[in-house]
Amino acid sequence: MRYNIFRTINIQFVQKRFFKKVQVRVRTEPEAAEKIQSDLLWSGIIPDEDPIRGGPVGPYVQSKRLEIYKEQVLKLIDNQSAYYCFCTENRLQLLRKEAIKCGQVPKYDNRCRNLSNNEVKTKLDKGDPFCIRFKLSSEIECFDDLIYGEIEHDVAQREGDPIIIKTDGYPTYHFANVVDDHLMEISHVFRGIEWQVSTPKHIMMYKAFNWTPPIYGHLPLILNSNGTKLSKRQKDINIESFRKEGIFPLAVLNYVIHAGGGFDNKGGALYIDSYEELIKQFNVSKIKVSSNKLLPSRLLEFNKLEIAKLLTNEKNNKFLVERIRKIIMEAFSNKYFNGNLQLDEYHIISILKWAQSRISKLSDLVSPDLTFLWFIPNMPLDNTYLEHLDALKIMSMKLVETDIQNFNKTWINSYLREFAKEHGISFPTLMKILRFILSGLKDGPPVAEMGKILQC
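Counted the way this note's numbering counts, the sequence shown spans residues 103 to 558.
1) Can you tell which of Glu221, Tyr275, Tyr186 and Asn340 has the C-alpha that lies nearest to the C-alpha of Thr269?
2) Would you mind stating whether Lys223 and Phe188 have Cβ atoms separated by less than 7 Å?
3) When the Cα of Asn572 is compared with those of Ser140, Gly553, Lys337 and Cys214, which residue comes out closest?
4) Here's the rule: buried if 16 or more other CB atoms are within 10 angstroms of the residue's CB, otherwise exposed. What is Gly271?
5) Report yes or no: is there a C-beta of chain C within less than 7 Å of the C-beta of Leu178?
6) May I have a chain-ordered list of the alpha helix (DSSP H) segments no shorter than 4 residues that lie completely inside the region 351-386?
7) What's the C-alpha gap between Arg129 and Ile539?
8) Is Met103 helix, strand or coil by DSSP?
9) For Ser465 versus Ile429, is the C-beta spacing smaller than 7 Å?
10) Buried or exposed: which applies to Leu285, given that a residue is buried once 16 or more other Cβ atoms fall within 10 Å of its Cβ?
11) How close, in whole Å, do the beta carbons of Lys237 and Arg215 come, if the pair is a contact with beta carbons under 8 Å?
12) Count the other CB atoms, across all protein chains shown, that sit within 10 Å of the CB of Arg519; report buried if there are 16 or more and exposed otherwise.
13) Use the C-beta contact count for Gln195: other C-beta atoms within 10 angstroms, 16 or more gives buried, fewer gives exposed.
14) What are the complete beta strand (DSSP E) segments, minimum 3 residues, inside the region 298-355?
15) What is the rounded straight-line gap between the Cα of Tyr373 and the Cα of Ser333?
16) Rank Leu443, Glu416, Ile288 and Asn415 by C-alpha distance to the C-alpha of Arg427 and give the top, closest one.
17) Since Phe344 and Val354 are thought to touch, with beta carbons under 8 Å apart, how far apart are those beta carbons, to the nearest angstrom?
18) Could you tell me how far apart the beta carbons of Leu321 and Phe292 are, in whole angstroms, since I believe they sit closer than 8 Å?
19) Is it buried or exposed, Gly96, if we count other Cβ atoms within 10 angstroms and call 16 or more buried?
20) Check whether the Cβ atoms of Pro149 and Val163 lie closer than 7 Å to each other.
21) DSSP three-state call for Pro479: helix, strand or coil?
22) Put Lys268 into one of helix, strand or coil per three-state DSSP.
23) Can you list, in chain order, the residues of its chain with a C-beta nearer than 8 Å to that of Gln182? Leave out the 5 residues immediately preceding and following it.
24) In whole angstroms, what is the alpha-carbon distance linking Phe477 and Lys463?
25) Specify the secondary structure class of Pro398 as computed by DSSP and reduced to three states.
26) If we ignore side chains and look at the alpha-carbon of each, how far apart do Asn415 and Phe421 end up?
This is the structure in structure tokens:
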């Protein structure tokens, strides 16, 4: 949705990388960065500036901007908008416990605000560990939220002076986002509603620097179908999972975007819109202010539409075949290495066209009830089948001799009825036998359909 907003009002999309301080940061940062880049590329969301493409206001990785943050925070210390804090973790924990004991909201008591210059110098000279805190103003800061209208929060009442530079020299989000957004000339900030209460604090920082804050818009939460918050650890909303399942980027984009509003209601009907169409139709004023739930079934409906749309253009065949081949080879690797899989382009596209009304994602093509499409099942036959074996051999020879142009569902059904009557086999029994031989299934698609599609 945020990408749509940028494009609708012709704003550049700048991708920055922020990573939490962890012991394995050096090992995980490149890993996480590559995954973000890969997911964005798959989604079709291409930043104008990012750590790979670069740009005029880089670097675009937080860990490479530490000198920038240091330079900027010293300006706040010089104008007395920020200060060194030497409080130990033990003292902060005691403050927290005491507040909870008294039924109060835990917050820093701003003790180090009142240290004299000499006291600060002495502690710095001794090498005492410190962080840097921002002085919150006691005045209530109001701002106009593009989505929610006029908002005000008494930040100083809710919390103590916030840390803006941690003991390890890394900035907190509050400080980094203000510095980076200003230096990168960000004009509009769209983020989740959970950051709305922090926005007055960020505006105070802008004012302390004598900078003009950007325009803010906060987006409502998108929830799971049961009303719980989405988590990045959920496998069912993970881009990697979508890719493996054969769910397409436009289906995901339409699914998520329409959950948050910003579009006219099309009478309840579902449509797959292109990136260009979504950008053209988007209207910030139509974003919902209430939380909305993601319904997994809706994603599958969007994906079904996207599969049908892709199949209307033969230019997409090669792309679809490659995706399906990969899914099949991963699902049936043993069959592939034995040379038992049918993976030619004509066969795959024919099956996809036949199966599109039966599937919602490409991985459905390897579900147990459709494995017969890719290789001949090796199923033991019981006496019901064996007693009609001679008749079945005669039938198979007849089918082999049939002109392929006459091999359609109507002809197959007609022939099988005549064959059953001629050989004294009940038609339902014959259908049961043939279905099991063809697919290994007792229930499934009509035998005539199976025969036709397997002939492709």
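Note that beta-carbon positions come from the ideal geometry of N, C-alpha and C, so glycine has one too.
The answer reads as follows:
1) Position 167 of the sequence shown, counted from the start, is the residue given in the question as residue 269. The option with the nearest alpha carbon to Thr269 is Tyr186.
2) As a position in the sequence shown, residue 223 is number 121, starting the count at 1. As a position in the sequence shown, residue 188 is number 86, starting the count at 1. No.
3) The structure shown has nothing for residue 572, since the chain only spans 103 to 558.
4) Within the sequence shown, the letter at position 169 stands for residue 271. Exposed.
5) Looking at the structure shown, chain C is missing, and only one protein chain is on hand.
6) 351-361 and 377-383
7) Translated into positions along the sequence shown, residue 129 becomes position 27. Translated into positions along the sequence shown, residue 539 becomes position 437. Any reading at Arg129 needs caution, since the residue's pLDDT is 40, under 50, leaving its predicted position unreliable; the model's value is listed next. Taking the straight line from one Cα to the other gives about 53 Å.
8) By 1-based counting over the sequence shown, the position of residue 103 is 1. For Met103, the predicted structure reports a pLDDT of 48, less than 50, and the residue's modelled location is therefore unreliable. A value from the coordinates is still provided. Residue state, collapsed to three classes: coil.
9) Here the question's residue 465 lines up with position 363 in the sequence shown. Here the question's residue 429 lines up with position 327 in the sequence shown. Their beta carbons are under 7 Å apart, which means Ser465 touches Ile429 by this criterion.
10) Numbered from its first residue, the sequence shown carries residue 285 at position 183. Exposed is the call here.
11) On the sequence shown, residue 237 is found 135 positions in, with the first residue counted as 1. On the sequence shown, residue 215 is found 113 positions in, with the first residue counted as 1. That belief holds up - the Cβ atoms of Lys237 and Arg215 are roughly 7 Å apart, short of 8 Å.
12) As a position in the sequence shown, residue 519 is number 417, starting the count at 1. Per the 10 Å Cβ criterion, exposed.
13) As a working mapping, residue 195 is identified with position 93 in the sequence shown. So Gln195 ends up on the exposed side.
14) 317-321
15) On the sequence shown, residue 373 is found 271 positions in, with the first residue counted as 1. On the sequence shown, residue 333 is found 231 positions in, with the first residue counted as 1. Going by the C-alpha atoms only, they are around 27 Å apart.
16) Position 325 of the sequence shown holds residue 427. Per the Cα distances, Leu443.
17) Taking the first residue of the sequence shown as position 1, residue 344 is located at position 242. Taking the first residue of the sequence shown as position 1, residue 354 is located at position 252. 6 Å between Cβ atoms; contact.
18) Position 219 of the sequence shown, counted from the first residue, corresponds to residue 321. Position 190 of the sequence shown, counted from the first residue, corresponds to residue 292. Indeed they touch by this definition, with Cβ atoms about 6 Å apart.
19) The question about residue 96 has no answer here: the residues shown for the chain are numbered 103 through 558.
20) Translated into positions along the sequence shown, residue 149 becomes position 47. Translated into positions along the sequence shown, residue 163 becomes position 61. In this structure, Val163 does not lie closer than 7 Å to Pro149 by Cβ.
21) As a position in the sequence shown, residue 479 is number 377, starting the count at 1. In the structure shown, Pro479 sits in coil (DSSP, three-state: anything other than H, G, I, E or B).
22) Indexing the sequence shown from 1 puts residue 268 at position 166. Three-state DSSP puts Lys268 in coil, outside helix and strand.
23) Residue numbering aside, residue 182 sits at position 80 when the sequence shown is read from its first letter. Excluding residues within five positions, the ones whose Cβ falls inside 8 Å are Lys237.
24) As a working note, residue 477 is residue 375 in the sequence shown. As a working note, residue 463 is residue 361 in the sequence shown. Cα to Cα, the separation comes out at about 20 Å.
25) Position 296 of the sequence shown, counted from the first residue, corresponds to residue 398. Pro398 falls in the helix class under three-state DSSP.
26) Here residue 415 is taken as the residue at index 313 of the sequence shown, counted from 1. Here residue 421 is taken as the residue at index 319 of the sequence shown, counted from 1. So the two alpha carbons sit approximately 11 Å from each other.
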